[in-house]
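**Q** If you scroll down you'll find the structure; I have some questions about it.
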Amino acid sequence: MKIMHYFLNMLPLGMFFWMFAEGLKSEAPYQLLEYIGAFLGTAFGCIAFHQFILLPLLFIVIVRKNPIPFHINLLPAILTAFGTASR
Numbered sequence: 003m004k005i006m007h008y009f010l011n012m013l014p015l016g017m018f019f020w021m022f023a024e025g026l027k028s029e030a031p032y033q034l035l036e037y038i039g040a041f042l043g044t045a046f047g048c049i050a051f052h053q054f055i056l057l058p059l060l061f062i063v064i065v066r067k068n069p070i071p072f073h074i075n076l077l078p079a080i081l082t083a084f085g086t087a088s089r
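Number 37 in the numbering used here belongs to position 35 of the sequence shown; there are no gaps in the numbering.
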């Protein structure tokens with residue numbers, strides 16, 4: 003069981019270096035970084051749109067209240083969730 007636990011902990015690092023080596027083999031490694039940056043920008047943009055535009059609009063339409071106090075009261079729970087790691 004300890005061997006499996008060690009393997010599962012090392013797997014993300016191994017995958018990172020494997021993908022890094024494959025990226026260096028390509029003819030244009032900087033273009034790969036451009037694609038990854040575009041992907042991350044799109045993903046973060048969509049998440050921000052969902053969190054700051056879509057969900058507050060749904061809150062206004064369904065509950066008919068201001069969503070800002072709701073988000074302020076939710077902040078301690080969000081900080082606790084992001085600040086702790088449950089294993």
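Even glycine gets a Cβ: it sits at the ideal position worked out from N, Cα and C.
1. Since SER28 and LEU34 should fall inside the 8 Å C-beta cutoff, what is the C-beta to C-beta distance between them, to a whole number of angstroms?
2. Am I right that PHE54 and PHE72 are in contact with their C-beta atoms under 8 Å? What's the rounded C-beta distance?
3. Just verifying my parser: in three-state terms, what is the DSSP assignment at THR86?
4. Measure the Cβ-Cβ separation of PRO78 and PRO69 and say whether it is below 9 Å.
5. Would PRO31 and GLY25 qualify as a contact pair, given that the criterion is a beta-carbon distance under 9 Å?
6. Given LEU10, which residues of its chain have a CB within under 6 Å of its CB, disregarding the five upstream and five downstream residues?
7. Do we get a CB-CB distance below 9 Å when we pair ILE38 with the residues of chain B?
8. Where does GLU24 sit, in a helix, a strand or coil, going by DSSP?
**A** To lay it out plainly:
1. 6 Å
2. Contact flag wrong, Cβ pair sits at about 13 Å.
3. coil
4. no
5. yes
6. none
7. In the displayed structure, chain B is absent; only one protein chain is listed.
8. helix
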